[in-house]
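If you use the UniProt record's numbering, the sequence shown closes out at 851, no skipped numbers anywhere.
Note that beta-carbon positions come from the ideal geometry of N, C-alpha and C, so glycine has one too.
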Amino acid sequence: QRQYLKDYRPSDWQIPHIQMHFDVQDAHVLVHTRMELVAVGDGTQTLELDGRQMALVEIRIDGEALSPEAYQCDDASLTIKAPGARFVLESTVKLDPFNNTSLEGLYAAGGILCTQCESHGFSRITYALDRPDVMSVFNVTIEADKGRYPILLANGERNAQQELPDGRHRVSWSDPHPKPCYLFAVVAGDMACKTRPYITSEGREVDIAFYCDHGIEERMDHAIDSLVRSMQWDEQRYGLAYDLNTYSVVVAGAFNMGAMENKGLNIFNPKYVLASPETATDADFAAVEAVIGHEYFHNWTGNRVTCRDWFQLSLKEGLTVFRDQQFSADCGAGPAQRIEQVKFLRARQFAEDAGPLAHPVRPESYVEMNNFYTVTVYEKGAELVRLLHALEGESGFRRGMDLYFERHDGQAVTIEDFLAAHGDANQLDISGLQRWYGQAGTPQVKITESWDNGHYTLDCEQSIPSNPSADAVLIPIRVSLLDSRGQAMIDGQVLRFDQPQQGFSFDLPERPVPVLFEALSAPVTWDYAYSQDQLKHIVRHAQDPFSRWEAAQRLYLIMIDAAYAGTTLEDQHLDVFCEVMVGEGDGAVIAALLSPPSADELTTRYTELDPLRLSQAVDQTEAALARVLGDALATQTQNLMEHVATYAFEPAAAARRSLRARLLRLWCLRGDQQAWQQAEQLYDNSDNLTDRLAALQALNQTDAAQRDILLERFYQTYKNDKLVLDRWFALQAARAGQAGLDSVRTLLAHADFDQGNPNRVRALIGTFGMLNLSALHAQGGQGVALLAEQILVYDKLNPQLAARLITPFAGLNGLAEERAAAVRKALQEIVAQASSPDVLEQAQRILGH
Ligand code: ARG
Ligand code: ZN
């Protein structure tokens, strides 16, 4: 059933208090819930509770059992006639978490029981008003066999523990903060625990406790350190301190998303907690820090101030992603981090916004809310907060946040409330910003210039090609204007562009080279007819590393466009990169400068896209780059090999590893035996996963015998280590073309392929679908048919996961007809056979129904 933002009405009932008891048995769990219902206003006299996938054992009102005639129950709800404006409802339901493969509600994963309630999982645990504007104080008891489930956790603080007959025990928890039920969590299992004391800026003593499988506890140290840094950072940067005496983080054996910010009891995908040098890369260490921070920052932006309804999801997610990005930047992630963010934004969010799955940051309707945990809501949402921050400045942004918390702590609010607090705190007109939230599509900015005797004008024009009726939005353009020696005549000035067309003038001593949208100051695409010389000037001289990278991308694109069109440019076109390679500065930025865009970033660039030709054009450009770097490439790579020190996750060392990995890969692409041997040596001499994977990635698209040898060695070393083995699957799924497709087929039947582990599924099928255009479109429509077949497998097992695997098919509109037909056929097959609302909604949206 489709939900509409415009239909929002406050709830007729509130539930100030909920008490729950979980009785964990060998093959089922009984959940007893007691809640106080209070009518709002006169209320209506019917009460409709949400509830799915459970068996109702008993229901009572004010202590009296209800006879079956007194209520109606269907597969999504339970309706009763309310006896008055205030009463107590008790229910007992029976759940089967042991066969719940959807990983929503209460489920078993790797021997533990855990929950995932956002957005509507709570109504798979008990009958409830499953909406975020109903907030309750929860008390929870859990009872289970003590041998099998020695650890019993819920939100808030632990009050009591009790031994019971037959080797069972009971633990009770209470959370004093009223919260929406999507933040509810329980966990039961046998896990190792690591603790750390923390004292907040307000003097509160907090017990931090992290739980994971026995024997790998030390892999949680980096996550625990990251949490401590997050807590300190939020105190210092935003004046926000933690508000309970317990903060627990549990590693779930199987988890659909990154992690979940349940109040006081976060539940995590193991990928974002466990990290040791041998089992996690530099990027993984950074991701752990970011996600630990993200979930912690939700405690204020999400939990203390929550969403009125699910259309407001970006209120908490866009803001919290922005906060975690700020946190990572403050922890020392350099400019390469911003480059990575923008690459991801363009490859995924711009593509989403240009296709049939486009939706505003605040969607207007949905069938299955889980389909709207998107790059648009998260990443574009974060860009809009970044944009607000750029307009207000650091202290203005802080004033806006302070007022937001002062007004709305403890409430369930809207995106307007957030913008209004910022607007009021800074006397800022937020209407041009507000429009961003209501319209889909990436704005396109066309910039032309004129030069008249010292008078320089940038003429800007905005539109949304995919959404022609869209109104003009407020677009901050951060510009620098370089003179012929590369000095900035204008340095990082922010232009407020909020009309359909607008000119900005400068009086200058000479005609400049404009550096536009520094650090990508707004989530737009932009055109300016740069000459190759201007682009090289920017690569050489711009202050902003991001803009140097941006200009480099445009140089590569000239080459890729030519190759795609069937002509080739001289390698000399890329000669500026010889200077870049040997230049001074941040190795991670140099590595990014030496990386042409990948094919998956360019799927919306060409009409009637031929994906195989695009992959080839990208490969040719990369090969040209490897050639033009000449002998210096080998020398530079070897120089970087010499200082292989003991691994530490530390910015300078990580930057060095990233440059080494990039150069080694380019060198290996030249088919040079010596390069292949270097890769093998790096693999063998290194003490960490980052370098080992660098070696494997360098060889992955080559015919080197070393590739197969090292892959096998890797498997033997890591076959019992789930997260690392995911990389082994992903590497093979990333092999280009037919070889990639063949690997995916073979690996689907591998003994270590596990349909119940979403990380494994994403490593194999996700890599193939999202990142490997040439394999997906290999062999006529065979690759496409394989993906469709897999989507149907997960449609039954894990609909949320299935609905995400479908996104590669959203590129349909841009594809050349023959390719589009194969995809359309696959989608029609999916619509005919799928049963989950998740998959059906996505497939139908893509087909335009
Ligand atoms: N709120 C979580 C986060 O921090 C995401 C959970 C979404 N889960 C889901 N099944 N929709 O981003
Ligand atoms: Zn989040």
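Can you grab the Cα-Cα spacing for the pair residue i / residue j, in whole Å?
{"i": "Arg847", "j": "Glu220", "result": "45 Å"}
{"i": "Pro438", "j": "Leu97", "result": "According to the sequence displayed, residue 438 carries Trp and not Pro. About 43 Å."}
{"i": "residue 856", "j": "Arg658", "result": "Look at the range of the chain in this structure, 3 to 851, and you will see that residue 856 is not part of it."}
{"i": "Glu71", "j": "Ile63", "result": "14 Å"}
{"i": "Asp135", "j": "Gln16", "result": "9 Å"}
{"i": "Leu405", "j": "Val40", "result": "30 Å"}
{"i": "Tyr151", "j": "Gly191", "result": "4 Å"}
{"i": "Asp573", "j": "Ser471", "result": "43 Å"}
{"i": "Val31", "j": "Asp311", "result": "30 Å"}
{"i": "Lys181", "j": "Met259", "result": "21 Å"}
{"i": "Ala156", "j": "Asn305", "result": "16 Å"}
{"i": "Thr719", "j": "Gln446", "result": "49 Å"}
{"i": "Gln464", "j": "Ser486", "result": "29 Å"}
{"i": "Leu315", "j": "Val379", "result": "7 Å"}
{"i": "Ile127", "j": "Pro337", "result": "44 Å"}
{"i": "His424", "j": "Lys721", "result": "51 Å"}
{"i": "Ile477", "j": "Pro598", "result": "27 Å"}
{"i": "Ala567", "j": "Ile449", "result": "25 Å"}
{"i": "Glu396", "j": "Gly402", "result": "10 Å"}
{"i": "Gln339", "j": "Ala288", "result": "10 Å"}
{"i": "Ala845", "j": "Leu829", "result": "6 Å"}
{"i": "Met22", "j": "His224", "result": "34 Å"}
{"i": "Glu624", "j": "Ala353", "result": "23 Å"}
{"i": "Pro801", "j": "Leu794", "result": "9 Å"}
{"i": "Ala331", "j": "Glu552", "result": "20 Å"}
{"i": "Ile201", "j": "Phe651", "result": "26 Å"}
{"i": "Gln784", "j": "Leu803", "result": "22 Å"}
Nearer than 7 Å: is that true of the beta carbon of residue i relative to any heavy atom of the ligand ARG?
{"i": "Asn258", "result": "yes"}
{"i": "Ala554", "result": "no"}
{"i": "Glu297", "result": "yes"}
{"i": "Met262", "result": "yes"}
{"i": "His19", "result": "no"}
{"i": "Ser250", "result": "no"}
{"i": "Glu381", "result": "no"}
{"i": "Gln109", "result": "Correcting the residue type first, residue 109 is Tyr in the shown sequence and not Gln. Not under cutoff, so the answer is no."}
{"i": "Glu120", "result": "yes"}
{"i": "Asn372", "result": "yes"}
{"i": "Gln802", "result": "yes"}
{"i": "Tyr796", "result": "no"}
{"i": "Tyr375", "result": "yes"}
Would the beta-carbon of residue i be found less than 7 Å away from any heavy atom of the ligand ZN?
{"i": "Thr322", "result": "yes"}
{"i": "His30", "result": "no"}
{"i": "Gln319", "result": "According to the sequence provided, residue 319 is Glu. The question's Gln does not apply to it. At least one heavy atom of the ligand ZN is nearer than 7 Å to the Cβ of Glu319, so yes."}
{"i": "Arg361", "result": "At residue 361 the sequence reads His, which differs from the Arg that was named. Answer for His361: no, Cβ out of range of the ligand ZN."}
{"i": "His300", "result": "yes"}
Are residue i and residue j close, meaning C-beta to C-beta below 8 Å?
{"i": "Ala655", "j": "Ala681", "result": "no"}
{"i": "Leu7", "j": "Ser367", "result": "yes"}
{"i": "Pro525", "j": "Leu347", "result": "yes"}
{"i": "Leu671", "j": "Thr704", "result": "yes"}
{"i": "Ile562", "j": "Ala626", "result": "no"}
{"i": "Gly123", "j": "Gly255", "result": "no"}
{"i": "Phe329", "j": "Gly383", "result": "no"}
{"i": "Glu297", "j": "Asn268", "result": "yes"}
{"i": "Lys265", "j": "Asp177", "result": "yes"}
{"i": "Tyr530", "j": "Pro516", "result": "yes"}
Can you confirm whether residue i, when its beta carbon is compared against all beta carbons of chain C, has any partner nearer than 8 Å?
{"i": "Thr376", "result": "Considering every chain present, this structure includes no chain C. It has just one protein chain."}
Contact between the stretch 483 to 500 and the stretch 353 to 362 is defined here as three or more beta-carbon pairs at a separation below 8 Å; is this criterion met? Short answer: they don't touch.
Is the number of C-beta pairs between the stretch 574 to 591 and the stretch 742 to 758 that are closer than 8 Å three or more? At 8 Å Cβ cutoff, the stretches do not touch.
Could you tell me whether the stretch 457 to 475 touches the stretch 507 to 519, using the rule of 3 or more Cβ pairs below 8 Å? Output reads yes: the stretch 507 to 519 touches the stretch 457 to 475.
Specify whether the stretch 542 to 557 and the stretch 363 to 377 touch according to this definition: at least 3 beta carbon pairs, one from each stretch, less than 8 Å apart. A contact between stretches requires three or more CB pairs, one per stretch, nearer than 8 Å, and the stretch 542 to 557 fails this requirement with the stretch 363 to 377.
Sufficient close CB pairs (3 or more, under 8 Å) joining the stretch 75 to 84 to the stretch 44 to 56: A contact exists between the stretch 75 to 84 and the stretch 44 to 56.
Quick check: the stretch 809 to 824 against the stretch 610 to 617, are there 3 or more CB pairs under 8 Å? Yes, the stretch 809 to 824 is in contact with the stretch 610 to 617.
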